[in-house]
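According to this note's numbering, the stretch in the sequence shown is residues 6 to 452, in order.
Encoded as structure tokens, the structure appears first; notes follow it.
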Amino acid sequence: MSQMPQLSACPSCEEPLESGDLFCGACGFDLSAVPPRPNVSPNGSAGSVRAAAAGEEAAEWPVAPEVDSSDTPVPTHLPTDLPGTDSAGGELPERPGAGSVAPDAASVAPDEYPLPAPGTPATPAAPATDPRTAAPDATPPAGTKLCVACRSGRVDPDGYCENCGHAQPRERDHMEQELDTVAAVSDRGLRHHRNEDAFAISTAALPDGSPAVVAIVCDGVSSATRPDEASLAASRAANESLLVSLPRGTHPQQAMHEAILAAADAVNALAAEPASAREHSPHQNAPACTLVGSIVAGGLLVVGWVGDSRAYWVPDDREGPTVRLTEDDSWAAQMVAAGLMNEAEAYADERAHAITGWLGADAYELEPHTASFKPDRAGVVVVCTDGLWNYAEAVEEMADAVPADAAARPLHSAQVLVGHALDGGGHDNVTVAVVPFPFVPQGAGSA
């Protein structure tokens, strides 16, 4: 029986050993599995090996061949040169070599990325295009909405320009409409986050075939809930009512009265919210708005209103007086009417613009105001919200702001008046309708 090799430390954990140990006291390593340590002759030759234990036969170790540095190096062997399987159990791919064909692109595994051959120039990537400077298509499809800033980029569904990224105004932020005999412009102004004004303009034929021109302007009450919806509903309802009543022969002043009542019903209907909506927003009040409208038909000028939106008469020749055709439903107007203040004092008060009449479910008793006039000369009717007349309150100021050719260019005149308010500060929404009034002397055109 051969003797155990004498070890001073465990080959596994380097724990010091004592003579006669069969197992390591630290890691339990089986010391009997350690092969005998060869004893190399003192002369250093590799051919003389003796057993470590006395009396054992000498073990012969192979001698490494001497290699001349000029000889061809031994070829390198790779793992794939030997038969076997990969970690997934599949056959290892054959390594391309002498007599073998390299795999084509279709046989390369998806996670292998072959590199180009040395010296092959890399294909340069196309430079990124700056969308702000990219030229748009020469002919955008019909109906494409273009950016108001760069005037060329398309507007995406989110309301931003695909070319310059500019946020587009909402539809009601600025609105313009022109018919042959009337035009209107509405703008959000410079300080409000939305436009709570609305307008409607139209023409209708009277029973005798003569034209009737209609302009309705509404101003949402900002302290009420959903004022923008209230003004839109009122303007549409009043306009639709007039388009029904005027062609069937209703007198224009009576038709205006009925139109205001129809507008009030439309605004009142907005207050009929589900009970759940009130539970989530218990502090909401009823939607509300003001209204002013005009009808030009058969040599007659009719106006109707509730609230503090106004209508002005401005003659073309400016020789006749400019006249305010409406009276405000406001605290200031009541103070003046009662003789408690003059107009300058009343409108200088912070309570001046507190309205006393409006359209809405929580309004006081509704009292539509209507009036009819027969001007003796040609001119225009300016129908507007307080967003304009705050900057041209006196009739002289309004006359100066209205262009001289307003009757011939109503849209341009409405644009100029809106610009006048914006130049003055634009603290409120601004809506203006300009209605030309053509004067026809009695008997003209008769045979």
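Even for Gly, the Cβ is constructed at its ideal location relative to N, Cα and C.
It should be emphasised that the depicted structure is a prediction, and the values quoted were computed from it without experimental measurement.
In DSSP terms, what M180 is bridged to: S191
Does the distance from the C-beta atom of L345 to that of E183 stay below 8 angstroms? No; because the gap between Cβ atoms is not below 8 angstroms, this pair is not in contact.
Shortest alpha-carbon distance to Y396 belongs to which of A276, V435, N244? V435
Buried or exposed for E181, please, with buried defined as at least 16 other CB atoms from any protein chain shown within 10 angstroms of its CB. Per the 10 Å Cβ criterion, exposed.
Whole-angstrom distance between S17 and F34, CA atom to CA atom: 7 angstroms
If V400 sits next to A419, beta carbons under 8 angstroms apart, how far is it from one beta carbon to the other, in whole angstroms? With a Cβ gap of about 18 angstroms, V400 and A419 do not count as contacting.
Top-ranked residue by Cα proximity to A316, from L306, G430, A349: In this structure, L306 is the residue among L306, G430, A349 with its C-alpha nearest to the C-alpha of A316.
Below 8 angstroms on the Cβ atoms is my guess for V308 versus T331; work out the distance and round it to an integer in Å. 6 angstroms
Nearest-angstrom Cα separation, counted from D178 out to A110: Low confidence applies to A110: its pLDDT is 45, below 50, so where it sits in the model is not reliable, and the reading given next is rough at best. Roughly 59 angstroms between the two C-alpha positions.
Beta-bridge partners of R159, as assigned by DSSP: Bridge partners of R159: L151.
Coil, strand or helix - H262 by DSSP: Secondary structure of H262 (DSSP, three-state): helix.
Whole-Å CB distance - I265 paired with S240, under 8 angstroms assumed: At roughly 11 angstroms, the Cβ-Cβ gap does not stay under 8 angstroms, so I265 and S240 are not in contact.
Would you kindly report the start and end of the unbroken beta strand (DSSP E) that includes H374? From DSSP, the beta strand (DSSP E) with H374 extends over 374-378.
Might you give, ordered along the chain, the residues of its own chain that have their beta carbon closer than 6 angstroms to the beta carbon of A242, omitting 5 neighbours on each side? A267, A268, A271
What whole-angstrom Cβ distance do A274 and V226 have, given they're in contact under 8 angstroms? With a Cβ gap of about 16 angstroms, A274 and V226 do not count as contacting.
Taking buried to mean at least 16 other C-beta atoms within 10 Å of its own C-beta, is C32 buried or exposed? exposed
Cα-Cα, which of R156, R175, A154 is closest to D162? Checking the displayed sequence, the identity of residue 162 turns out to be Pro instead of Asp. When only C-alpha atoms are compared, the closest one is R175.
Output the distance between the C-alpha atoms of A210 and G429, rounded to the nearest integer angstrom. Their Cα atoms are separated by approximately 39 angstroms.
Would you mind giving the Cβ-Cβ distance between S314 and T295, rounded to the nearest angstrom? I have them listed as a contact below 8 angstroms. 5 angstroms
Please classify A59 as buried or exposed, where buried requires at least 16 other C-beta atoms within 10 Å of its C-beta. For A59, the predicted model reports a pLDDT of 45, less than 50, meaning its position is unreliable and no value from the coordinates is stated.
Start and end residues, alpha helix (DSSP H) containing S418: 415-428
How about F204 and A217: do their beta carbons lie closer than 8 angstroms? Contact: no.
By the three-class DSSP mapping on this structure, what secondary structure does R199 have? coil
Among H198, E350, A413, which one has its Cα closest to the Cα of A383? A413
In whole angstroms, what is the alpha-carbon distance linking L364 and R159? About 40 angstroms.
Identify which residue in R199, E167, A276 has its Cα closest to the Cα of A368. For the residues R199, E167, A276, the minimum Cα distance to A368 belongs to A276.
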